[in-house]
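Residue numbers (my numbering), protein chains in the order written: chain A, 93 to 401; chain B, 196 to 533.
Built from N, CA and C at the ideal position, the CB exists for glycine as well.
None of these values were measured; they are calculated from a predicted model.
Before any comments, here is the structure.
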Amino acid sequence: MTTESLRPRAGARARTPRDTPTPSRRRFRLSLRPRAGRQHHAGPVAYVLLGLATVFSLFPLYFTLVAASSDNTRVTQSPPPFLPGPHLFDNLGKAWQDAALGKAMMNSLIVAGVIGLSTVLFATLAGFALAKLRFKGRNIALMLVIGTMLVPPQLGVVPLFMMMTELGWGQQLPAVIFPTLVSAVGVFFMRQYLSEALPDELIEAGRVDGAHSLRIFWSIVLPIARPAMAVLFMITFVHAWNDFFWPFIVLDMGNPTVPVALTQLSAGYVRDQSLIMAGALLGTLPLLAMFIVFGRQIVGGIMQGAVKG
Amino acid sequence: MATSASVPHADDTRGIPGDAAQTPGTGGDADRPRQGRRNLLHRLDIKGAPYAFIAPFFLVFAAFGFYPLLYTFWISLHHVELASMNVMEWRGFGNYTELWQDDRFWNGLSNTFTIGVLSTVPQLLMALGLAHLLNYRLRGSTFFRVAALTPYATSVGAAALVFTMLFERDFGLINWMLGLVGVDNIDWENNKWAAQTAISVIVVWRWTGYNALLYLAAMQAVPRDRYEAAALDGASRWQQFTKVTIPGIRSTILFTIVLSTIGATQLFGEPLIFGQGPNGVTGGADNQYQTLGLLLYEEGWKNYQMGRAATVAWAMFLLLILIFAAQRVLKRFTSRTS
Numbered sequence: 093m094t095t096e097s098l099r100p101r102a103g104a105r106a107r108t109p110r111d112t113p114t115p116s117r118r119r120f121r122l123s124l125r126p127r128a129g130r131q132h133h134a135g136p137v138a139y140v141l142l143g144l145a146t147v148f149s150l151f152p153l154y155f156t157l158v159a160a161s162s163d164n165t166r167v168t169q170s171p172p173p174f175l176p177g178p179h180l181f182d183n184l185g186k187a188w189q190d191a192a193l194g195k196a197m198m199n200s201l202i203v204a205g206v207i208g209l210s211t212v213l214f215a216t217l218a219g220f221a222l223a224k225l226r227f228k229g230r231n232i233a234l235m236l237v238i239g240t241m242l243v244p245p246q247l248g249v250v251p252l253f254m255m256m257t258e259l260g261w262g263q264q265l266p267a268v269i270f271p272t273l274v275s276a277v278g279v280f281f282m283r284q285y286l287s288e289a290l291p292d293e294l295i296e297a298g299r300v301d302g303a304h305s306l307r308i309f310w311s312i313v314l315p316i317a318r319p320a321m322a323v324l325f326m327i328t329f330v331h332a333w334n335d336f337f338w339p340f341i342v343l344d345m346g347n348p349t350v351p352v353a354l355t356q357l358s359a360g361y362v363r364d365q366s367l368i369m370a371g372a373l374l375g376t377l378p379l380l381a382m383f384i385v386f387g388r389q390i391v392g393g394i395m396q397g398a399v400k401g
Numbered sequence: 196m197a198t199s200a201s202v203p204h205a206d207d208t209r210g211i212p213g214d215a216a217q218t219p220g221t222g223g224d225a226d227r228p229r230q231g232r233r234n235l236l237h238r239l240d241i242k243g244a245p246y247a248f249i250a251p252f253f254l255v256f257a258a259f260g261f262y263p264l265l266y267t268f269w270i271s272l273h274h275v276e277l278a279s280m281n282v283m284e285w286r287g288f289g290n291y292t293e294l295w296q297d298d299r300f301w302n303g304l305s306n307t308f309t310i311g312v313l314s315t316v317p318q319l320l321m322a323l324g325l326a327h328l329l330n331y332r333l334r335g336s337t338f339f340r341v342a343a344l345t346p347y348a349t350s351v352g353a354a355a356l357v358f359t360m361l362f363e364r365d366f367g368l369i370n371w372m373l374g375l376v377g378v379d380n381i382d383w384e385n386n387k388w389a390a391q392t393a394i395s396v397i398v399v400w401r402w403t404g405y406n407a408l409l410y411l412a413a414m415q416a417v418p419r420d421r422y423e424a425a426a427l428d429g430a431s432r433w434q435q436f437t438k439v440t441i442p443g444i445r446s447t448i449l450f451t452i453v454l455s456t457i458g459a460t461q462l463f464g465e466p467l468i469f470g471q472g473p474n475g476v477t478g479g480a481d482n483q484y485q486t487l488g489l490l491l492y493e494e495g496w497k498n499y500q501m502g503r504a505a506t507v508a509w510a511m512f513l514l515l516i517l518i519f520a521a522q523r524v525l526k527r528f529t530s531r532t533s
């Protein structure tokens, strides 16, 4: 269970005995009811199908590597190459220069980092209030948060573009950062997590000790929310790094984020396929690295945030 | 919470053990005003803090989400050019009637719809199957889950670039494979349906794993005894899947339909990059895969007509509302008949 890491540690919440069956009891139930739907072991067919799905998922990435390491004439032949060639580092270096990826990477890092941090901070604050504090209009606020998920921000690009130009932020990173500082999904995610993981008794104890709300947030909520905050940061980072529509509109090629810079590679009339693929590979590598290291947590986080039942 | 009920008048120090404990030398008359201010602050904190905590979200959303949406409507009633955006010339509903009579709008609408169906339906069905497989007791389940989610980490840019190459007419891998089974090279870019299929494949590739994980989470929350009951009644695995699993995750399915519908209405990056530069914004030489998102961009940033771009944006918004209304009606209808 990947979600296990997101659950509060043992002892964080007073659990009734019914919540935690002893291991032996659980095993007993398993052996007694082998026909229950979720208990089926995967047969060979399931493994074959999952293998196919994995190939479908990973092959385009593998092919990006193959193409990025071949030269252009080899890539533009039929049949295409299936094994990596010797030109990987030449192509990476050239793509890095042609698409000004150094600057783009830096920009993406700043944009995704700031958006990630601010989303996590504000989502935790709002999530805490919506989960644990009592105030007038709480339910309406929660409904509004969920409702805003249904309003795609792209629909407001025309006035947003005007606003940014007027503010003097045209082609500047703040134009990308500000509209995305908060996320409704993030607020909802933190609320779901905190209503389960944060015991009311802890907050009350803090109140009795005379702590004000911000203090309670700082010393009680933040430590408990940390695992969920880490996951939310990674998910937000991925989204912000990959965001395309708005950065493409408001930034220009002199100051792009990575996805915007990548369009530069393909927009020319003379197309060097292996260079394009080298650029695509470079732009994807940071997130792939993150996935290799934290994949388990990200998967768990997405499942945690899902609407269940 | 507990203390707010017992907050006493300033002259009753015993009522607040915490405060009394923290104030050294309690008990004198001199402490009274300080105590009173403390209580006031405390009450202010209890009442005000929740609003302060949710304020950043709502303020940012109001400024950069809600206000622009409304203002878009105002702009759509005007003639505004990109070069002189502060000059707004009233047109009433002129932009709307023009859009209504514009072939490109209906073309974009129908393309958005067909690409939306081509990408959403297989995507969600495959996600459902994948989630079902992942729900088995598996060796290496974490590996399969992470692998399924990896495309989600790929940017639109990178994904569209590699698929554009795989779908190339002369040397693309997909045409080569089709050639092995005797199918002639398909011109994926210029053939309307082929292009729309190719674009849909990019969307399907990026989002299937993500949706599968949402379904998986929901499937794991379906109570086990329902399966036991079904099994006792002699339901086959397939029957358990259709009669227990699917109804059990209905709200998640609805949620993903809503999300993918919104995503499909906004489709922009995939067709733009698939068009490889000059043809990207128009969605191919004959607009054969121009979506509403591309049309919005073309009107605003290529034809410099911000008023018309805003009209397209508002039309997309109305379209979304229409779809959700239809969905609700449909849902009510189906739940009444069943």
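Spatial neighbours of residue i within its chain, please: CB distance less than 8 Å, with the 5 preceding and 5 following residues excluded, ordered by chain position.
i	result
Ser305 (chain A)	Leu225
Ser395 (chain B)	Ile310, Leu313, Ser314, Pro317
Leu435 (chain B)	The amino acid at residue 435 (chain B) is misidentified as Leu; the sequence shows Gln. For Gln435 (chain B), where only same-chain residues beyond five positions count, the Cβ hits under 8 Å are Tyr422, Ala425, Ala426.
Ala480 (chain B)	Asn385, Asn474
Met184 (chain A)	This sequence places Leu at residue 184 (chain A); Met is not what is there. Closer than 8 Å at the Cβ level, and outside the excluded window around Leu184 (chain A), lie Ala160, Ala370, Leu373, Leu374.
Could you tell me the alpha carbon to alpha carbon distance between residue i and residue j, rounded to whole angstroms?
i	j	result
His331 (chain A)	Ala204 (chain A)	8 Å
Arg332 (chain B)	Leu411 (chain B)	12 Å
Pro100 (chain A)	Gln230 (chain B)	Confidence at Pro100 (chain A) is low in this model, with a pLDDT of 43, below 50, so the placement of that residue should be treated as unreliable; the coordinate-derived value is given next. In a straight line, the C-alpha of Pro100 (chain A) is about 37 Å away from that of Gln230 (chain B).
Thr257 (chain A)	Ile341 (chain A)	12 Å
Trp301 (chain B)	Leu319 (chain B)	26 Å
Gly177 (chain A)	Leu157 (chain A)	9 Å
Ile238 (chain A)	Ile310 (chain B)	27 Å
Trp402 (chain B)	Ala353 (chain B)	14 Å
Leu323 (chain B)	Tyr139 (chain A)	16 Å
Arg388 (chain A)	Phe339 (chain B)	10 Å
Met382 (chain A)	Ala322 (chain A)	12 Å
Val377 (chain B)	Ala389 (chain B)	First, the amino acid is wrong: residue 377 (chain B) is Gly here, not Val. Approximately 17 Å between the Cα atoms of the pair.
Met280 (chain B)	Leu264 (chain B)	17 Å
Asn290 (chain B)	Thr477 (chain B)	20 Å
Met173 (chain A)	Ala145 (chain A)	Correcting the residue identity first, residue 173 (chain A) is Pro in this sequence and not Met. Between Pro173 (chain A) and Ala145 (chain A), the C-alpha separation is close to 22 Å.
Tyr347 (chain B)	Leu201 (chain A)	18 Å
Asp428 (chain B)	Met414 (chain B)	20 Å
Lys228 (chain A)	Leu467 (chain B)	46 Å
Phe519 (chain B)	Phe463 (chain B)	21 Å
Trp285 (chain B)	Asn306 (chain B)	31 Å
Phe469 (chain B)	Ser366 (chain A)	16 Å
His327 (chain B)	Val453 (chain B)	21 Å
Could you tell me which residues DSSP pairs with residue i in its beta bridges?
i	result
Arg332 (chain B)	A:His133
Glu284 (chain B)	B:His274
Ser455 (chain B)	Partner(s): none; Ser455 (chain B) has no beta bridge.
Ser279 (chain B)	B:Glu276
Gln500 (chain B)	B:Glu276
Drop a sphere of 10 angstroms on the beta-carbon of residue i, count the other beta-carbons inside from all chains shown, and report buried for 16 or more, exposed for fewer.
i	result
Ser446 (chain B)	exposed
Thr529 (chain B)	exposed
Val524 (chain B)	exposed
Asn330 (chain B)	buried
Leu490 (chain B)	buried
Asp292 (chain A)	exposed
Glu494 (chain B)	buried
Asn231 (chain A)	exposed
Ser210 (chain A)	buried
Ala294 (chain B)	Before going on, a small fix: residue 294 (chain B) reads as Leu here, not Ala. Flag for Leu294 (chain B) reads buried.
Ala197 (chain B)	Residue confidence for Ala197 (chain B) is low, a pLDDT of 39 falling below 50, so the modelled location carries little weight and cannot support an answer.
Thr165 (chain A)	exposed
Consider the C-beta atom of residue i and the heavy atoms of the ligand MN; say whether any pair is separated by less than 7 Å.
i	result
Trp371 (chain B)	As far as ligands go, the structure on display features none, and thus does not contain the ligand MN.
Looking only at its chain, what residues have a beta carbon closer than 6 Å to the beta carbon of residue i, apart from the 5 residues adjacent to it on each side?
i	result
Gln246 (chain A)	Phe337
Ile397 (chain B)	Ala354, Ala355, Phe358, Glu465
Ile384 (chain A)	none
Met321 (chain B)	Thr403
Got a sec: is the Cβ-Cβ distance from residue i to anything in chain D below 8 Å?
i	result
Asn334 (chain A)	Of the protein chains in the structure, A and B, none is chain D.
What are the complete alpha helix (DSSP H) segments, minimum 4 residues, inside the region 155–192 of chain A? 164–167, 180–190
Which full runs of the alpha helix (DSSP H) of 4+ residues lie inside the region 180–252 of chain A, going along the chain? 180–190, 193–224, 230–240
Unbroken beta strand (DSSP E) runs of length 3 or more, entirely within the region 394–438 of chain B: which are they? none
My parser needs the beta strand (DSSP E) runs of 3 or more residues fully inside the region 256–302 of chain A; what are they? none
Contained alpha helix (DSSP H) runs [length at least 4] in the region 463–519 of chain B, N- to C-terminal order: 464–469, 487–492
Considering only residues of the region 331–371 of chain B, which uninterrupted alpha helix (DSSP H) runs meet the minimum length of 4 residues and lie entirely inside it, listed in chain order? 336–344, 351–361
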